[in-house]
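Numbering (UniProt numbering), first residue to last: 1 to 298.
Where a beta carbon is used, it is the ideal one built from N, C-alpha and C, also for glycine.
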């Protein structure tokens, strides 16, 4: 078994949504233009767990036995044959996280235990919802059962956004999603996946597709994973060092600082506004961030 399946774990991001919601296209986008066969994302397949490494595929059957097989043969696998398919690919996105491509939730023939076996392994979600029928009741119901199991906030991806032909329709759908999913997701990102997949080195097309904002969002979460964990799973803060005994002068100084602080508006450090006329310091973009975003566009 390759090291990718046994080495210290990376964040595990599942792609979920209704059948034909664009999960296969989003998977291809995140793999940097290295698409799996179309059948890999078909509704009859079990979950496909994709990790970084040299190309490798193995099937895990319902007895827990594994069988290696060529990538091209995945089109012949069904949920009757396997509970899970493990795939390794040398895509740069997979250096930051594993991706788990889940079956469509709307398939009545898909056994419920397909999700029950894998969901405890999932840290966060990219939930794909098609713009023409965004956030159906079946999606909201499934999400309500799932959200408490996640370790980090999920992201809502509004696929097929190019199918909404007018700005008015686009604004109306986005407004409805804002209202119906308020506070449920870390962000809502409309995407034209065909445009993003065909963009290549065309930066304008990449930006017009919506992929630039989505990829920046995802890479930021993965590079700062611990800070995005939900409170129940966030790392314990380090114990503060024991302070030395205070002198009378120290106490007086502390009281003066306290009085000054109470007159100021209390804000979290990361959103505290800069004083007028004070330029914001330049923040170098992390190298891994730049490389990952560049590789997805190429």
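Minimum C-alpha distance to residue i - residue among the options
i	options	result
residue 99	113, 9, 146	9
residue 187	200, 215, 86	215
residue 152	81, 135, 123, 142	123
residue 223	15, 27, 94	94
residue 19	101, 182, 30	101
residue 213	17, 173, 158	158
residue 31	89, 65, 60	89
residue 133	148, 110, 174, 108	174
residue 44	112, 87, 28, 199	112
residue 23	103, 108, 70, 63	103
residue 185	144, 207, 110, 203	144
residue 191	110, 209, 182, 170	209
residue 26	231, 218, 232	218
residue 72	87, 230, 108	87
residue 116	146, 107, 108	146
Three-state class that DSSP yields for residue i in the structure shown
i	result
residue 126	strand
residue 88	strand
residue 95	helix
residue 79	coil
residue 63	coil
residue 131	helix
residue 272	For residue 272, the predicted model reports a pLDDT of 29, less than 50, meaning its position is unreliable; a value from the coordinates is still stated below. In the structure shown, residue 272 sits in coil (DSSP, three-state: anything other than H, G, I, E or B).
residue 118	helix
residue 226	helix
residue 12	strand
residue 101	strand
residue 261	The pLDDT assigned to residue 261 is 39, lower than 50, so where the model puts this residue is not dependable, and the model offers no usable value.
residue 240	Reliability fails at residue 240, whose pLDDT of 43 lies under 50, so the model's placement of it is uncertain and the value that follows must be treated cautiously. Of the three classes helix, strand and coil, the one that applies to residue 240 here is coil, per DSSP.
residue 73	helix
residue 251	Any reading at residue 251 must be qualified, since the residue scores a pLDDT of 42, below 50, and its modelled position is unreliable; the value itself is stated next. Residue 251: helix per DSSP, three-state reduction.
Span of the alpha helix (DSSP H), counted from its first residue to its last, around residue i
i	result
residue 140	137-146
residue 214	211-223
residue 168	167-180
residue 20	Careful: residue 20 lies outside any alpha helix (DSSP H) and carries neither H nor E.
residue 190	No alpha helix (DSSP H) contains residue 190, which is instead part of the beta strand (DSSP E) from 188-190.
residue 149	No alpha helix (DSSP H) contains residue 149, which DSSP labels as neither H nor E.
residue 196	193-198
residue 203	203-208
Residue span of the beta strand (DSSP E) that contains residue i, given as start and end
i	result
residue 155	155-159
residue 50	48-52
CB of residue i within 8 angstroms of CB of residue j, strictly
i	j	result
residue 21	residue 129	yes
residue 142	residue 105	yes
residue 58	residue 68	yes
residue 155	residue 189	yes
residue 49	residue 74	no
residue 114	residue 77	no
residue 47	residue 118	yes
residue 162	residue 120	no
residue 29	residue 205	no
residue 13	residue 148	no
residue 126	residue 150	no
residue 164	residue 131	yes
residue 135	residue 177	yes
Nearest-angstrom beta carbon gap, residue j and residue i [assumed within contact, 8 angstroms]
i	j	result
residue 91	residue 60	Not confirmed; about 21 angstroms, so no contact.
residue 17	residue 139	7 angstroms
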